[in-house]
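Residues 33 to 298, numbered by the working numbering, are exactly what the sequence shown covers, in order.
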Amino acid sequence: MLFRGRYSGSSFSELLDVDFPQLRAESSSGLSQGRGALEIPHGTTVLAMRYEGGVLMAGDRLATAGHMVASRDVEKVYMADAHSLVAIAGAAGPAMELARLLRIELEHYEKIEGEALELEGKANKLSQMVRANLPAAMQGMVVVPVFAGYDLRRHMGRLWKYDVTGGRYEEAEFETSGSGGIYAKESLKKAWRPGLSSGEAIRIALQALTDAADEDRATGGVDLARGIYPIVKLATASGVEDVPEATLRQVYRERIEIARTPAVAE
33 MLFRGRYSGS SFSELLDVDF PQLRAESSSG LSQGRGALEI PHGTTVLAMR YEGGVLMAGD
93 RLATAGHMVA SRDVEKVYMA DAHSLVAIAG AAGPAMELAR LLRIELEHYE KIEGEALELE
153 GKANKLSQMV RANLPAAMQG MVVVPVFAGY DLRRHMGRLW KYDVTGGRYE EAEFETSGSG
213 GIYAKESLKK AWRPGLSSGE AIRIALQALT DAADEDRATG GVDLARGIYP IVKLATASGV
273 EDVPEATLRQ VYRERIEIAR TPAVAE
C-alpha cells in the first residue's frame with residue numbers, strides 16, 4: 033500500500049523528521065549516553081584533487097581506535113551519486129552513516145523532482161548534514177568529510193572541504209582531511225599542477241598517501257602482504273569510476289623499482 037504522510041517535499045532528511053521521527057531517535061540514541069569517552073574507531077587520511085578530466089578522490093584503508101588498529105580495510109571514499117563523491121574522516125561509524133544518508137538523500141531528491149540536484153546543491157546538502165551532527169561532534173563523534181564531483185553545467189571537476197560546524201569552502205586545486213591530511217597536503221603542494229592527466233593524478237595521490245603514512249601512524253600505507261590498496265575513484269563527465277586494483281598495484285611496483293635503482297653520480 034502506498035504511504036502518504038504529512039511531508040510532501042523532496043528532502044529525505046525532512047521526510048524522516050516529519051513522518052518518521054522515531055527513526056531519528058533510534059539512530060542517535062547512542063550518541064547521548066557518553067559514548068564520546070569510548071575508544072571510537074576513526075578513519076584517517078583522505079584527499080581530493082582536480083585534474084584535466086574531472087576530479088580524483090582517494091583514501092587509505094586503516095581505521096584506528098586509540099593506539100590500536102580497528103580495521104585494515106575500511107572504505108573511506110563513497111560514490112554519492114552518478115557524478116559525485118564523498119570521502120570521510122573522523123569517527124568511523126557516524127561518518128559512514130553520513131555518507132550513506134547523503135546517497136539516499138540525493139536519490140530521493142532525483143526521484144521526487146525528476147532530475148538530479150546540481151553539484152553545488154549537493155555540497156550544500158552535505159553541509160546541512162554535517163551541521164546536524166554538531167551535538168554528536170561535541171561528544172567526540174567528529175565527522176569532517178571532503179566532497180567532490182564533476183559539474184555538468186560548468187564542465188569541470190569541483191571540490192569542497194568542511195568544518196565541524198558544517199561550514200563549506202570550495203577549493204580550486206586539492207584538499208585533504210584526517211590526521212594524516214597535513215602530510216598529504218604538503219606532498220600534493222609539491223606535485224600538483226594544472227592540466228594533470230588521470231594517470232599523473234593517480235600517481236600523485238598515491239604518493240601523497242604514502243607520505244602521510246610515513247609520518248602519521250594512524251594512516252595506513254599499502255599492505256602488500258594482504259593485498260590491501262587505497263581506494264581511488266574518479267568523477268568525470270561520463271560518471272564515477274573506480275581505479276582498478278591492478279593499476280594501483282602497477283603504480284606501487286614502479287615506485288618500488290625507482291626507489292631500488294641507485295642514483296647515478298654526475
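Glycine is no exception: its CB is placed at the ideal position from the N, C-alpha and C atoms.
Leaving aside the five residues that flank Glu202 on each side, the residues in its chain whose CB is nearer than 6 Å to its CB run, in chain order, Trp192. An exposed status is given to Leu184, since fewer than 16 other beta-carbon atoms sit within 10 Å of its beta-carbon. Following the DSSP letters along the chain, one finds Lys193 inside the beta strand (DSSP E) bounded by residues 188-194. With 16 or more other Cβ atoms inside 10 Å of its own Cβ, Met81 counts as buried. Going by C-alpha positions, Gly271 is about 10 Å away from Met111. In the structure shown, the three-state DSSP call for Thr208 is strand.
With the rule of 3 Cβ pairs closer than 8 Å, the region 277-288 does not count as touching the region 133-142.
Taking Ser116 as the centre and dropping the five residues before and after it, the same chain places the C-beta of Leu138, Leu151, Lys154, Phe179, Ala180, Gly181, Tyr182, Ala267, Val272 closer than 8 Å to its C-beta, in chain order. Here Glu207 is buried: its Cβ has 16 or more other Cβ atoms, across all protein chains shown, within 10 Å.
A residue is called buried when at least 16 other Cβ atoms come within 10 angstroms of its Cβ; Pro167 does not meet this threshold and is exposed.
Spatial neighbours of Ala216 in its own chain (CB-CB distance under 6 Å, excluding positions within 5 residues in sequence) are listed in chain order as Thr77, Leu79, Thr208, Ala240, Ala244. For Glu203, the enclosing beta strand (DSSP E) has its first and last residue at 200-203.
Nearest C-alpha to Gly172 among Ala204, Gly122, Glu289, Met128: Gly122. Between Tyr261 and Thr242, the alpha-carbon positions lie close to 11 Å from each other. For Met111, no alpha helix (DSSP H) segment is defined; the enclosing uninterrupted segment is the beta strand (DSSP E) at 109-113. Counting along the chain, no beta strand (DSSP E) covers Arg225, and no H or E run does either. The Cβ atoms of Val264 and Ile290 lie no closer than 9 Å to each other. Here Asp243 carries a helix assignment [DSSP, helix/strand/coil].
Under the three-state reduction of DSSP output, Tyr261 falls in the coil class, being neither helix nor strand.
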